[in-house]
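Asker: Below is a structure I'd like to ask you about.
Take a look at the structure:
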């Protein structure tokens, strides 16, 4: 199964317009985000129940990189044949991605800026 993880802050909804609707979308939403523009709603509707909203906890003590790493591990544990793509300009997950590749915890994993 294919999984795309992306940050609400850095991704644009049009980046999902050409993505296969069978993919799982994991949208990481920052604390304090109170609304979602209609452009996001329209694009995400194509994916139905395969959209997963991950609300980042408030406060500086909650490192968003840890939340991303947790969900990467969770996906790999549930789906060892997963193909995972991160759309993020944050390279803090790179070490986790390298480890997942080396240990073959998923079929493939890659990060795009």
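Residue numbers (our numbering): 730 to 842.
For every residue, glycine included, the Cβ atom is placed at its ideal position computed from N, Cα and C.
Note down the Cα distance separating residue 769 from residue 751, rounded to an integer number of angstroms.
Answerer: Indexing the chain shown from 1 puts residue 769 at position 40. Indexing the chain shown from 1 puts residue 751 at position 22. Each residue's alpha carbon lies about 17 Å from the other.
Asker: What residue range does the beta strand (DSSP E) around residue 774 cover?
Answerer: Within the chain shown, the letter at position 45 stands for residue 774. That residue, residue 774, is in no beta strand (DSSP E); its alpha helix (DSSP H) goes 767-774.
Asker: Does the stretch 761-780 touch the stretch 800-817, meaning 3 or more C-beta pairs lie closer than 8 Å?
Answerer: No, the stretch 800-817 does not touch the stretch 761-780.
Asker: Identify, in the order they occur along the chain, each residue of the same chain with its Cβ nearer than 8 Å to the Cβ of residue 783, setting aside the five sequence neighbours on each side.
Answerer: Translated into positions along the chain shown, residue 783 becomes position 54. Counting only Cβ-Cβ distances below 8 Å, and skipping sequence neighbours, we find 755, 756, 757, 758, 796, 800.
Asker: So, helix, strand or coil for residue 752, using DSSP?
Answerer: Here residue 752 corresponds to residue number 23 of the chain shown, with the count starting at 1. Residue 752 falls in the coil class under three-state DSSP.
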